[in-house]
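First to last, the protein sequences are chains A and B.
In terms of this note's numbering, the first sequence is residues 745 to 912.
In terms of this note's numbering, the second sequence is residues 745 to 912.
We put the beta carbon where it would ideally sit given N, CA and C, even for glycine.
There are 2 protein chains.
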Amino acid sequence: MTEPDDTSMDLEITTHARSKPETRLWLRMLSTTKLISTEIRKRLRAEFGATLPQFDLMAQLYREKEGLRLGELSRRTMVTNGNITGLVERLEADGLVIRETPTDDRRVTVARLTEAGISTFSAMAEAHEGWLRDLMGDVDEAMIAALWQDIGCVKTSAANHLSGPADP
Amino acid sequence: MTEPDDTSMDLEITTHARSKPETRLWLRMLSTTKLISTEIRKRLRAEFGATLPQFDLMAQLYREKEGLRLGELSRRTMVTNGNITGLVERLEADGLVIRETPTDDRRVTVARLTEAGISTFSAMAEAHEGWLRDLMGDVDEAMIAALWQDIGCVKTSAANHLSGPADP
DNA sequence: GGCAGACCTTTGACAATTAAAATACCTCTC
DNA sequence: GAGAGGTATTTTAATTGTCAAAGGTCTGCC
């Protein structure tokens, strides 16, 4: 096999009791998201021949049918600027996205989904939602809601303690 | 600036109410881990000149002083085999890790930390733990413990629904 | 003994990633 | 208008990442 052994992959394999709670939580968050993204990437690839970053990018464009500037895409997808360029290039080559420069500001590039992109993404999104329901199938609905809340707290806390401080 | 704008980065920027709870949770987990890893990577780079994958790899070797086979490293770090090769190569070039082939099985390569690797990692680990306490500083201890529990459920559920099914 | 199949790592091709520098364009001020 | 400074994207270099295939090496069976 050419990939890590699913059954034993575990970033926290020896998360000793002596690790601080924050570290333990972090390792578990990390390994869980890695486990799920690996699975989603695999299915995306198998069923649609697409990659996860491409899916993420298309998701943003899907709900802004008029398109988005590349900088805005960068912010929303948390992907650095330089990376957006190549990502959009490949999607454009596949005919899922088009790039246009508005006449009133020629610094800007706006990307938006083509018709093909819209229908392709639509199918992917539906499958994606189903996969998540599948993967989280054993988890209580109430727990899912609670997790959503509590992870929000973690996110807020982290956002407030970044080294590059927030604007005033 | 050369990176996404921290204050507005948000994968879930328009997570409509109509998204299913599993999808909403997933997007929030993803954006939160991305936010925190970006911050940790930045600090690791600034203070130690190291990358996050290098840190992860060294963390595994740190608690197995005798070293680990590359395949075992691959499983524990959830990094594919081919990638481990280059990762270890670079760490070896930096003098933090050494690679050896045991005489009794010459298919195998065992990597372990050098003395320099041990003391370097030790400092990094301490800082790492502090950063997490910092980033999660606004979150209740009880909530952190609860999250650890509940995310465990999510992880277990996901592990049980992977497409490449578990061994019998 | 030798060979078939299993095991472990490396290689190669390409995509995604960050960080930083370069390029192109706009706006504001004088 | 001409230039300074800011904004938007692209480019560059290095690393990380997957996946698939190829390379050694071992083991067990004949």
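Candidates L891/B, S907/B, L906/B, N904/B: closest to L769/B by CA position: If you number the second sequence from 1, residue 769/B lands on position 25. The residue with the shortest Cα to Cα distance from L769/B is L891/B.
Check whether the segment 883-900 of chain B touches the segment 769-785 of chain A, counting contact only when three or more Cβ pairs, one atom from each stretch, lie closer than 8 Å. Of all C-beta pairs linking the segment 883-900 of chain B to the segment 769-785 of chain A, three or more are shorter than 8 Å, placing the two stretches in contact.
Can you tell me which of the three DSSP states A855/B falls into? By 1-based counting over the second sequence, the position of residue 855/B is 111. Of the three classes helix, strand and coil, the one that applies to A855/B here is strand, per DSSP.
Roughly how many angstroms lie between the CA atoms of R807/B and L774/A, to the nearest whole one? By 1-based counting over the second sequence, the position of residue 807/B is 63. By 1-based counting over the first sequence, the position of residue 774/A is 30. If you take the alpha carbons of R807/B and L774/A, they lie about 19 Å apart.
What is the DSSP secondary structure of L906/B, reduced to helix, strand or coil? Here the question's residue 906/B lines up with position 162 in the second sequence. Shown here, L906/B sits in coil according to DSSP, grouped into three states, outside any helix or strand.
Chain B contact for L857/A (CB, 7 Å cutoff): For the purposes of this step, residue 857/A is taken as residue 113 along the first sequence, with counting starting at 1. Under the 7 Å criterion on CB atoms, L857/A is classed as non-interfacial with respect to chain B.
With DSSP as the reference, label L788/B as helix, strand or coil. On the second sequence, residue 788/B is found 44 positions in, with the first residue counted as 1. The three-state reading of DSSP puts L788/B in helix, counting H, G and I together.
Cα separation between A855/A and N825/A? Residue numbering aside, residue 855/A sits at position 111 when the first sequence is read from its first letter. Residue numbering aside, residue 825/A sits at position 81 when the first sequence is read from its first letter. Their Cα atoms are separated by approximately 13 Å.
Is it right to say D849/B is buried, meaning 16 or more other beta carbons lie within 10 angstroms of its own, or is it exposed? For the purposes of this step, residue 849/B is taken as the residue at position 105 of the second sequence. Exposed is the call here.
Say whether chain A places a C-beta atom closer than 7 Å to the C-beta of T777/B. By 1-based counting over the second sequence, the position of residue 777/B is 33. So, interface residue.
Nearest-angstrom Cα separation, counted from L812/B out to V852/B: Position 108 of the second sequence, counted from the start, is the residue given in the question as residue 852/B. Position 68 of the second sequence, counted from the start, is the residue given in the question as residue 812/B. Counting only the Cα atoms, L812/B lies some 10 Å from V852/B.
Listing by chain order, which chain B residues have their CB less than 7 Å from the CB of T767/A? What you label residue 767/A is simply residue 23 of the first sequence in a count that begins at 1. One finds E873, L876 in chain B with Cβ atoms closer than 7 Å to the Cβ of T767/A, taken in chain order.
Residue of I888/B, W875/B, G896/B, A803/B minimising C-alpha distance to L906/A: Against the first sequence, residue 906/A aligns to sequence position 162. If we check each option's Cα against that of L906/A, W875/B comes out closest.
Return the Cβ separation of V841/B and T864/B in integer angstroms, given the expectation that the two are a contact with Cβ distance under 8 Å. The sequence position of residue 841/B within the second sequence is 97, counting from 1. The sequence position of residue 864/B within the second sequence is 120, counting from 1. In fact, because the Cβ distance is near 10 Å, the residues do not count as touching under 8 Å.
Chain B within 7 Å of S752/A, Cβ atoms only: For the purposes of this step, residue 752/A is identified with residue 8 of the first sequence, where counting begins at 1. Note that S752/A scores 47 on pLDDT, short of 50, meaning its location in the model is unreliable and no value can be drawn from it.
What would DSSP say about R850/A, mapped onto helix, strand or coil? Taking the first sequence and counting its residues from 1, one reaches residue 850/A at position 106. It is coil, neither helix nor strand.
Report yes or no: is there a C-beta of chain B within less than 7 Å of the C-beta of E747/A? As a working mapping, residue 747/A is identified with position 3 in the first sequence. Confidence in E747/A is poor, its pLDDT being 42 and thus under 50, which makes the residue's placement too unreliable to answer from.
Identify which residue in L796/A, A803/A, K899/A has its Cα closest to the Cα of G861/A. Here residue 861/A refers to the residue found at position 117 when the first sequence is read from its first residue. Measuring C-alpha to C-alpha distances from G861/A to each of L796/A, A803/A, K899/A identifies A803/A as the nearest.
Please confirm if K899/B has its CB atom under 7 Å from at least one CB of chain A. Along the second sequence, read from residue 1 onward, the residue named residue 899/B stands at position 155. Yes, its Cβ sits closer than 7 Å to a Cβ of chain A.
Can you give me the start and stop residues for the alpha helix (DSSP H) that E816/A sits inside? The count along the first sequence starts at 1 and reaches residue 816/A at position 72. E816/A -> alpha helix (DSSP H) spans 814-821.
In terms of DSSP beta bridges, what is R843/B paired with? Taking the second sequence and counting its residues from 1, one reaches residue 843/B at position 99. R843/B is bridged to A855/B.
For M887/A, name the three-state secondary structure that DSSP assigns. On the first sequence, residue 887/A is found 143 positions in, with the first residue counted as 1. The answer is helix: DSSP assigns M887/A an H, G or I state.
I need the straight-line Cα distance from E810/B to L788/B, nearest angstrom please. The count along the second sequence starts at 1 and reaches residue 810/B at position 66. The count along the second sequence starts at 1 and reaches residue 788/B at position 44. Across the structure, E810/B and L788/B are spaced so that their CA atoms are roughly 25 Å apart.
Supposed contact pair T776/A and V823/B - C-beta distance, whole angstroms, cut 8 Å: Numbered from 1 along the second sequence, position 79 holds the residue referred to as residue 823/B. Numbered from 1 along the first sequence, position 32 holds the residue referred to as residue 776/A. With 8 Å as the limit, V823/B and T776/A do not qualify as a contact, their Cβ atoms being about 16 Å apart.
Would A867/B count as contacting chain A if we go by Cβ distances under 7 Å? For the purposes of this step, residue 867/B is taken as the residue at position 123 of the second sequence. So no, A867/B is outside the interface.
Taking I888/B and P765/A to be in contact with their CB atoms under 8 Å, please state how far apart those CB atoms are, rounded to whole angstroms. As a working mapping, residue 888/B is identified with position 144 in the second sequence. As a working mapping, residue 765/A is identified with position 21 in the first sequence. The beta carbons of I888/B and P765/A sit about 5 Å from each other, so the pair counts as a contact at 8 Å.
Residues of the segment 777-793 of chain A whose Cβ lies closer than 9 Å to any Cβ of chain B, in chain order: The residues in question are T777, K778, L779, I780, S781, T782, E783, I784, K786, R787, A790.
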